[in-house]
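Numbered per full-length UniProt numbering, the sequence shown finishes at 454, counting up by one with no gaps. Ideal placement from N, C-alpha and C gives every residue a C-beta, glycine not left out. Keep in mind the model is a prediction, meaning the values are calculated, not measured.
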Amino acid sequence: MITTAAVRELAGRLSGPVLLPGDDGYAAEVAGFNRVVEHRPAAVAAVRDAAEIREAVGWAAAARIPVAVQATGHGPTATAHGDGLLISTRRMTGVTVDPDARTARVAAGTQWHEVIDAAAAFGLAPLNGSSPLVGVVGYTLGGGLGLLSRAHGYAADHVTAIEYVGADGRPGVATAERDTDLFWAMRGGKGNFAVVTALEFSLFPAPHFYGGGLYFPGEHAAEVLHTWRSWTAALPEETSSSLALLRMPDLPAIPEFLRSRLVVHVRVSHLGPADEAERLLKPLRQTVPPIADTLGEMPYARCAAIHHDPASPVPYHERTLMLREFDGPATGELLALAGPDSACGDILVELRHLQGALGRPPAVPNAVGHRDAAYCLTTLTPPGGEPDTVVEGMAHRGTGLRYLNFLTGPQTAQRASQGYDSATYTRLTEIKDRYDPENLLRFNHNIPPRAPRR
């Protein structure tokens, strides 16, 4: 049990605040971007560097107190509550780029926009996702499906070193040559095995980048979806794309043409010159007249403009399914579930095109699966909405697995096993046995040890 005296003792070791429920700043410190989960830990510790993470984890380990970690809170699952300690890493930021090695080293609380800007100075780009406000560590440990993934694979495939503090409070560095089981498990196993203090990963040249979106009226969803599905079948790996059925609320922060109506948004990113991209895009542009066209050549640093993800905190349930294929009949099924004549209430129903480098094994094996999936289906549902209606309606088209980074909300923690095939999950539980046998790191997409000791 966490006592006031124990909290004061921990506070004496840290430069940042250690807060209890009711303290000024507690609510703001535990709040994440996705407000569908409300953390209620017995204490929250704000850390500023790796040494302070060691102090906080060591303190919790000695008292056998469970630990949660949060940087931005974009992907919450289990609520941190009871006697738990929440370690807030949002103050731990910093990026170091090695342009010769084409690598970046980032501190635990770093967001992607910091990496994008630092890498752009050298003509390089990271394997970030659609929102630059997402934390680097959580995104990468969950796999990392991003704008350049068809060309280069998952972000986890290109991690070169993980600096960490184990559940026992001891620090270490995992690489392909050192702590190899832990290195394999953490890349895809989320935050189940240790607390990350820093990551090192590869960057990639981006001399030419083309991106943006086409917005179509919802009544033409069938024509656009069928065209997009056929179009993705022949795309080069340099082109990544997704299609979203949007039902946005009537709010001032949302462009007027998107409010209170169904809009089909085709998102595109292309590693190559503009004339090449324009040739590829002709079939889409010839479908029906778009409401808006934001496609064009841009510096990679402006990649947030492609998806236009929300910049302010919002509550939502996120569900996902990996699809083995998406053919003509599947298109009809999705339209029946989420098209203009459906009763769908999801804010977003999105298909992301996979394959390319995502379908190949990485040079250094990791726990990320889904190499056989062709598309990723994701939905965002407002609180109080009916979750899983679209996803479960398409389940017979799936691989049987789900992508963990797109599986958020208070009912999703128990579904962690659905992110892995049986052999991978068994190995992950065996590694959990060795590195966190008491399951102290459990406020997450939890992979419990085979026989937890508490």
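Run of the beta strand (DSSP E) containing residue i, from where it starts to where it stops
| i | result |
| --- | --- |
| L380 | Y375 to T381 |
| S240 | T239 to R247 |
| T232 | Note, T232: premise wrong, no beta strand (DSSP E); alpha helix (DSSP H) at A221 to T232. |
| T197 | A194 to S202 |
| V7 | No beta strand (DSSP E) contains V7, which is instead part of the alpha helix (DSSP H) from T4 to A11. |
| V263 | L262 to H270 |
Local Cβ density within 10 Å of residue i, reported as buried at 16 or more and exposed below that
| i | result |
| --- | --- |
| S312 | exposed |
| P207 | exposed |
| D179 | buried |
| R170 | exposed |
| K282 | exposed |
| P76 | buried |
| R64 | exposed |
| F257 | exposed |
| residue 455 | In this structure the chain extends from 1 to 454, so residue 455 is not present and cannot be described. |
| L251 | exposed |
| R434 | exposed |
| Q286 | exposed |
| T4 | exposed |
Opening and closing residue of the alpha helix (DSSP H) in which residue i lies
| i | result |
| --- | --- |
| H208 | H208 -> no alpha helix (DSSP H), and no H or E assigned at all. |
| F183 | T180 to M186 |
| L280 | A274 to R285 |
| V30 | Y26 to V30 |
| V391 | T389 to G393 |
Contact check, residue i vs residue j, beta carbons under 7 angstroms
| i | j | result |
| --- | --- | --- |
| I87 | A45 | yes |
| A108 | A367 | no |
| G84 | P41 | yes |
| residue 456 | T331 | As shown, the chain starts at 1 and ends at 454. That puts residue 456 outside it, with no answer to give. |
| R402 | T320 | yes |
| G409 | H353 | no |
| A80 | A68 | yes |
| A416 | H370 | no |
| S131 | L358 | no |
| T232 | R324 | no |
| T294 | H270 | no |
Beta carbon proximity, residue i to chain D, threshold 7 angstroms
| i | result |
| --- | --- |
| P362 | The structure shown contains no chain D, having only a single protein chain. |
Fill in: Cβ contact (3+ pairs, closer than 8 angstroms) linking the region 194-202 and the region 374-381
The region 194-202, when compared against the region 374-381, does not touch it at the 8 angstroms Cβ threshold.
Worksheet item: Whole beta strand (DSSP E) runs in the UniProt domain "FAD linked oxidase N-terminal" (41-170) with 3 or more residues, listed along the chain?
Response: Within the UniProt domain "FAD linked oxidase N-terminal" (41-170), the beta strand (DSSP E) runs of at least 3 residues that lie entirely inside it are, in chain order, 43-46, 67-70, 85-88, 95-98, 103-107 and 159-166.
Worksheet item: Counting only runs that start and end within the UniProt domain "Berberine/berberine-like" (416-448), where is the alpha helix (DSSP H) found for 4 or more residues in a row?
Response: Runs of the alpha helix (DSSP H) inside the UniProt domain "Berberine/berberine-like" (416-448): 422-435.
Worksheet entry | Ranges of the beta strand (DSSP E) found wholly within the region 318-363, counting only runs of at least 3 | The qualifying runs are 348-353.
Worksheet item: Any contact of the region 77-97 with the region 255-274, i.e. 3+ C-beta pairs under 8 angstroms?
Response: At 8 angstroms Cβ cutoff, the stretches do not touch.
Worksheet item: Quick check: the region 8-27 against the region 120-140, are there 3 or more CB pairs under 8 angstroms?
Response: Flag = no, the region 8-27 and the region 120-140 do not touch.
Discussion item. Any contact between the region 336-354 and the region 239-253? By contact I mean 3 or more CB pairs, one from each, below 8 angstroms.
Written reply: Three or more Cβ pairs drawn from the region 336-354 and the region 239-253 lie within less than 8 angstroms of each other, which places the two stretches in contact.
Worksheet entry | the region 31-50 / the region 136-153 touching (three or more Cβ pairs under 8 angstroms) | Below 8 angstroms, too few C-beta pairs join the region 31-50 and the region 136-153 to call them touching: fewer than three.
Worksheet item: Are the region 329-341 and the region 413-426 touching by the rule of at least three beta carbon pairs closer than 8 angstroms?
Response: No, they do not touch.
Worksheet item: So, do the region 385-396 and the region 290-309 have three or more beta carbon pairs nearer to each other than 8 angstroms?
Response: Two segments are said to touch when three or more pairs of C-beta atoms, one from each, lie closer than 8 angstroms; by this definition the region 385-396 does not touch the region 290-309.
Item to complete: Would you check if there are 3 or more beta carbon pairs closer than 8 angstroms linking the region 50-68 to the region 95-106?
Response: No, because fewer than three Cβ pairs between the region 50-68 and the region 95-106 fall closer than 8 angstroms, the two stretches do not touch.
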